[in-house]
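Read through the structure below, which is laid out as structure tokens, and then see the notes.
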Amino acid sequence: MSASIQKPGRTILASTISKIYDEEIRSKVESLKSTNPDGPLLVGFLANDDPAAEMYARWTQKTSESLGIRYELRKFEDKDLLEENIIEANGDDNVDGIMIYFPVFGNAQDQYLQQIVNKEKDVEGLNHVYYQNLYHNIRYLDENKTLKSILPCTPLAIVKILEYLKIYNPLLPDGNQMYGKKCVVINRSEIVGRPLAALLANDGAIVYSVDVNNIQKFTRGESLKLIKHQVEDLGDYSDDLLKNVCKDADIIITGVPSESYKFPTEYIREGAICINFSSFKNFAEDVKTKASLYVPMTGKVTIAMLLRNMLRLVDNRQKIKNMDH
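Basically the numbering used here = 1-based index in the sequence shown + 116.
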């Protein structure tokens, strides 16, 4: 055996996928020039010293400015000042979008902060109205279906990556395009893991949601008879149970925020698709001996979704103004 035999898998970079959306965002910003000549303003709030958050902020700034969007990072040594400053930005007509770099306090107080951001400016889609819509599979904010609901940007980015990788089946009706697909999601955080499992299940997939305590199964019932997903508990976490749910999984998605965690390569079915949204590499170097397609990071697509969300919010606000007149 010569050492030059190629591994079967291909690595797909987030930057390749995000380029598709950059054009769309750039032309949308152009079209706003008449009402907003300086370009819309996105404000990021940073009150932690997490290097991953710093990096994310830098990327967001760079991408925003390259697409004609103004970006301002507001940093706070004192976390307790965050709340009043967010409220101030809510009321500032010059601010079009607001995002917070989490974790701030790393507890329920963070969920409280998410809810302070005005839903009309919440580019991350974390407001409870958006979450409720996501979980109930409701795609609009109004009965006339003119105002689109916002989806949390990392779960949305992963959906867009799966569309790019041709995992969504466009021959099936909207909402059923993941029918027959089995996904494993290793992370059940309220910001990414759980909403992602719900989104994929709402689109027709069978999703195994894994965290350190247990493994749950998200589905829309036998033959997709339900409109929204339901959750079934499969039992306490064990390596055996994980191995079992992975053996015929089409897609494995990891988001474990730990440098030491590595998903066991031997649990990956040959030809499966592996996506990692953690800022640490959750797959070992040999992932491509099993996976057909491997996406090592999702950050750039997440930022594209964030900016897309912001432009959608600008659009929604304009539509509401027009309705009021």
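Ideal Cβ positions, reconstructed from N, Cα and C, are used throughout, including at glycine. Remember, it's a predicted structure, so these values are computed and weren't measured experimentally.
| field | Inter-residue spacing [alpha-carbon to alpha-carbon] between V159 and T335 | value | If you draw a straight line from the Cα of V159 to the Cα of T335, it is about 37 Å long.
| query | Apart from the five residues just before and just after T405, which ones in its own chain have a Cβ nearer than 8 Å to its Cβ? | reply | K123, P124, G125 and T381
| request: Quick one: give me the first and last residue of the alpha helix (DSSP H) that Q230 is part of. | output: For Q230, the enclosing alpha helix (DSSP H) covers residues A224 to I232.
| query | Going by alpha carbons, who is nearest to S374 out of I391, S395 and Y280? | reply | Ranking the options by Cα distance to S374, first place goes to S395.
| Comparing alpha-carbon positions, which option in K178, L162, L183 and D208 lies nearest D196? | L162
| request: Confirm, please, whether the CB-CB distance from I384 to I369 is below 8 Å. | output: no
| request: Specify the secondary structure class of D352 as computed by DSSP and reduced to three states. | output: D352: strand per DSSP, three-state reduction.
| query | Between R255, T418 and Q332, which lies nearest to K353 when the distance is taken from Cα to Cα? | reply | According to the sequence shown, residue 353 is Tyr rather than Lys. The residue with the shortest Cα to Cα distance from Y353 is Q332.
| Going by Cα to Cα distance, which pick from Y228, L229, Q227 and Y246 is closest to E236? | Among Y228, L229, Q227 and Y246, the Cα nearest to that of E236 belongs to Y246.
| Can you tell me the Cα-Cα spacing of C362 and V300, whole angstroms? | Taking C-alpha positions only, C362 is separated from V300 by approximately 7 Å.
| query | Is the beta carbon of A273 sitting closer than 8 Å to the one on M413? | reply | no
| query | Does the segment 189–209 come close enough to the segment 226–234 that 3 or more CB-CB pairs lie under 8 Å? | reply | yes
| Y246 (DSSP reduced to helix, strand or coil) | Three-state DSSP puts Y246 in a helix.
| Do you know offhand how far K355's Cα is from D364's? | What sits at residue 355 in the sequence shown is Asp, not Lys. Between D355 and D364, the C-alpha separation is close to 15 Å.
| Per DSSP, which one or two residues make a beta bridge with K333? | Y324 and E348
| request: Could you check which residue in I367, A400 and V372 has the C-alpha nearest to that of G387? | output: I367
| message | For R174, count the other beta carbons within 10 Å of its own beta carbon; 16 or more makes it buried, fewer makes it exposed. Which is it? | response | exposed
| said: Using C-beta distances below 6 Å, list every residue in its chain close to E348, excluding the 5 sequence neighbours before and after it, in chain order. | reply: K333
| task | Return yes when the C-beta of K397 is under 7 Å from any heavy atom of the ligand FMN, and no when it is not. | result | Judged by which ligands are present, the structure shown has none, so any question about the ligand FMN falls away.
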